[in-house]
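Which chain is which? The protein sequence lines are A and B, in order.
Just so you know, the first sequence maps onto residues 925 to 1100 in the numbering used here.
Just so you know, the second sequence maps onto residues 112 to 421 in the numbering used here.
Step one of this worksheet: look at the structure below.
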Amino acid sequence: MKHRLERLLSQEEIQAEIARLGQDISRDYAGKELVLVCVLRGSVYFAVDLSRRLSIPFILDFIGISSYGQETDPLGIVRITKDLDVHIAGREVLIVEDIVDTGLSLNYLLRNLKTRHPAGLRVCSLLNVPARRIVTVPVDYQGFELPNVYAVGYGLDYHERYRNLLEIAVLIEEPQ
Amino acid sequence: MTVITVSRQFGAGGELLARTVAEELGFLLVDRKLIAAGLAELGLPPQLVRFDETAPKAEQPEKKRRFYVTALHEYLMNLAASRSIVLLGRGGQFLFRDHADAFHIFVQAPLTQRVEWVSQIYGLEEKAAARLVREQEQRKRRYIRRAFGHSRVDMALYDLILNTAKLTPQGAVKTALFALSRFSERARQPVAPAAVPGIRESGKDSPFMHESETEFARVLDFYNIPWQYEPRTFPLQWDSEGHVTEAFTPDFYLPDQNIYVELTTQRQKLVWKKNRKMRRLKELYPEVNAKIVYGKDYSSLLKKFGLDKE
């Protein structure tokens, strides 16, 4: 698909928003045992920067889930491809997402993690696209609310491209 | 007459449970063998039995398959009218969903456990057993979707869900018999049947009108989101004699989310008609949650899953 990129959020805007989120989270989780659950792979960039902005102790862990359409998916159903290394029972858990749009994968993740009996389970997403929501999911900490656009950069990809952009851009289709 | 339906994950021991429950209660076990004999007696060509619990992909003789499914359903309904049965598989949970004296059991076990059992019973390597389990599960899902326009994951359809890994197969039988004895007691009490949304009655091969709907259903199945296809039609306009002149049937209903979803892959500027219907729906049925997934949303979904053309 022929396309071009149009800048949506600059590096400075992103980092300022992450600093704000870091303050809010540090305030809300003061004195608690926090586990940051970074959802592979797109959220890694955000999770790293967010964790640097936290002024409270925390454990950083990663989880991966299969995505629809992956040829490697053997069963035709979503599954964990990389599980957490830490036990979250009785702990405060904050899922760190790069973007929440349809809510499908986050819905699965919430259902899965709830069965492990965390003390609390919340969601922090840098980007939120409520216009594309199919299933209802909570977003407790939100960076930017986006209109119905396809965003890339800062971890978000299009066919594995553009993850490494420092800014966030809109991918715009161009006539062939 | 009483109908007990037993749906099962492949390798979870549903067949054993159905057979034992039927023996214990003196009910007729309806399985592949009985169905083949029963349909042959009715004059159905024996080669059609190959469509039993299957829903082939493309380029298959669909008319014949649909004919088989219709004949099967009629046969099962007639059978249940004359005697009590235990029906193994065949989408019995949907077929007898509104049957006043039906009890629906689902037999499951964790995947690793089923693969292990299948490996032992069929004498297969673990990898081959896993492949068999996967293929059988996909086949069943496809059959249910195409015969009933429904995903199998809606647990609300079942009255009893048994995990044979926890209970052992014998324990599962005992639990089922105990639950059935309680069910029989309750069945004697006159209770008003609960209102249940209808499922699409379609004689068509696939209930879906468009490829995008098929894909959307697959996405929902993947993320284990229960759905129903076109379960309800909302009248929007009536003539002076009260006849409905305009109606709206959203494509999907997601019961866990309590939301109706209408898919449209038309261009944005051509969807005004659907937008108008949606506005009217909200006016007349404010309690109903509904949304349109536009072509742009759908295209983003495909992009996200890497399914668009690069």
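Where a beta carbon is used, it is the ideal one built from N, C-alpha and C, also for glycine.
Keep in mind the model is a prediction, meaning the values are calculated, not measured.
Helix, strand or coil, according to DSSP, for residue i in the structure here?
| i | result |
| --- | --- |
| glutamate 1016 (chain A) | strand |
| aspartate 408 (chain B) | helix |
| isoleucine 938 (chain A) | helix |
| valine 307 (chain B) | Low confidence applies here, because valine 307 (chain B) scores a pLDDT of 32, under 50, leaving its location unreliable and the question unanswered by this model. |
| lysine 956 (chain A) | coil |
| serine 195 (chain B) | coil |
| aspartate 985 (chain A) | strand |
| proline 1042 (chain A) | strand |
| leucine 932 (chain A) | strand |
| glycine 314 (chain B) | The pLDDT assigned to glycine 314 (chain B) is 34, lower than 50, so where the model puts this residue is not dependable, and the model offers no usable value. |
| tyrosine 1086 (chain A) | coil |
| tryptophan 349 (chain B) | strand |
| alanine 401 (chain B) | strand |
| serine 292 (chain B) | helix |
| asparagine 1072 (chain A) | coil |
| glutamine 249 (chain B) | helix |
| valine 218 (chain B) | strand |
| alanine 123 (chain B) | coil |
| glycine 1067 (chain A) | strand |
| lysine 285 (chain B) | helix |
| asparagine 883 (chain A) | Since the first and last residues shown for chain A are 925 and 1100, residue 883 (chain A) lies out of range. |
| glutamate 1021 (chain A) | strand |
| serine 323 (chain B) | helix |
| asparagine 1052 (chain A) | strand |
Output, in chain order, the set of chain B residues within a Cβ distance shorter than 7 Å of residue i.
| i | result |
| --- | --- |
| serine 991 (chain A) | Phe416 |
Quick check on residue i - is its C-beta less than 7 Å from some C-beta in chain A?
| i | result |
| --- | --- |
| serine 323 (chain B) | no |
| serine 411 (chain B) | yes |
| threonine 113 (chain B) | no |
| valine 355 (chain B) | no |
| valine 132 (chain B) | no |
| valine 382 (chain B) | no |
| valine 330 (chain B) | yes |
With the cut-off set at 7 Å, would you say residue i and residue j are in Cβ contact?
| i | j | result |
| --- | --- | --- |
| leucine 1051 (chain A) | leucine 1070 (chain A) | yes |
| phenylalanine 363 (chain B) | leucine 347 (chain B) | no |
| valine 218 (chain B) | glycine 282 (chain B) | no |
| valine 141 (chain B) | leucine 198 (chain B) | yes |
| aspartate 973 (chain A) | isoleucine 1019 (chain A) | no |
| phenylalanine 982 (chain A) | leucine 964 (chain A) | no |
| leucine 932 (chain A) | isoleucine 1092 (chain A) | yes |
| glutamate 373 (chain B) | isoleucine 403 (chain B) | yes |
| glutamine 355 (chain B) | histidine 210 (chain B) | Here residue 355 (chain B) turns out to be valine, not glutamine, going by the sequence shown. Cβ atoms of valine 355 (chain B) and histidine 210 (chain B): not closer than 7 Å. |
| alanine 954 (chain A) | isoleucine 980 (chain A) | yes |
| glutamine 224 (chain B) | alanine 276 (chain B) | yes |
| leucine 139 (chain B) | arginine 194 (chain B) | yes |
| tyrosine 371 (chain B) | alanine 401 (chain B) | yes |
| leucine 155 (chain B) | alanine 182 (chain B) | yes |
| glutamate 1021 (chain A) | serine 975 (chain A) | no |
| threonine 116 (chain B) | glycine 203 (chain B) | yes |
| lysine 385 (chain B) | threonine 376 (chain B) | no |
| phenylalanine 178 (chain B) | valine 1002 (chain A) | no |
| valine 1047 (chain A) | valine 1063 (chain A) | yes |
| alanine 1013 (chain A) | arginine 1040 (chain A) | yes |
Comparing the C-beta of residue i with each C-beta of chain B, is any distance below 7 Å?
| i | result |
| --- | --- |
| tyrosine 1074 (chain A) | yes |
| histidine 1109 (chain A) | Residue 1109 (chain A) cannot be examined here, being either before or after the span of chain A that is shown, 925 to 1100. |
| histidine 1083 (chain A) | yes |
| valine 963 (chain A) | no |
| isoleucine 949 (chain A) | no |
| valine 968 (chain A) | no |
My understanding is that residue i touches residue j, with C-beta atoms under 8 Å, so please give their C-beta distance in whole angstroms.
| i | j | result |
| --- | --- | --- |
| valine 1094 (chain A) | glutamate 930 (chain A) | 5 Å |
| phenylalanine 214 (chain B) | phenylalanine 294 (chain B) | 5 Å |
| leucine 1126 (chain A) | valine 1017 (chain A) | Residue 1126 (chain A) is absent from the model: chain A starts at 925 and stops at 1100. |
| valine 284 (chain B) | glycine 122 (chain B) | Contact doesn't hold; Cβ gap of about 17 Å is too wide. |
| glycine 946 (chain A) | leucine 978 (chain A) | 5 Å |
| phenylalanine 416 (chain B) | tyrosine 992 (chain A) | 5 Å |
| serine 411 (chain B) | arginine 1056 (chain A) | 6 Å |
| leucine 901 (chain A) | valine 330 (chain B) | The requested residue 901 (chain A) is not part of the displayed model; chain A covers only 925 to 1100. |
Could you work out which residues of chain A lie near residue i, taking near to mean beta carbons separated by less than 9 Å?
| i | result |
| --- | --- |
| isoleucine 336 (chain B) | Leu1028, Asn1031, Tyr1032, Ile1058 and Val1059 |
Who are the neighbours of residue i on chain A, taking C-beta pairs under 7 Å?
| i | result |
| --- | --- |
| glutamine 368 (chain B) | Val1059 and Thr1060 |
| phenylalanine 333 (chain B) | Tyr992, Gly1000, Ile1001 and Val1002 |
| leucine 268 (chain B) | Correct list: empty, because the minimum Cβ distance to chain A is about 18 Å. |
Please list, in chain order, the chain A residues whose beta carbon lies closer than 8 Å to that of residue i.
| i | result |
| --- | --- |
| lysine 407 (chain B) | Asn1072 |
| aspartate 419 (chain B) | Met925 |
| leucine 235 (chain B) | None at all; the shortest Cβ gap to chain A is about 16 Å. |
| valine 229 (chain B) | Going along chain A, no residue has its Cβ under 8 Å from valine 229 (chain B), so there is no contact; the nearest lies around 14 Å. |
| leucine 374 (chain B) | Here the premise fails: no neighbours, minimum Cβ distance about 10 Å. |
| leucine 243 (chain B) | Result: empty, since nearest Cβ-Cβ is about 12 Å, beyond 8 Å. |
Is residue i near the ligand PLP - that is, is its Cβ less than 6 Å away from at least one heavy atom of it?
| i | result |
| --- | --- |
| glutamate 930 (chain A) | Among the components of this structure there are no ligands whatsoever, and the ligand PLP is therefore not found. |
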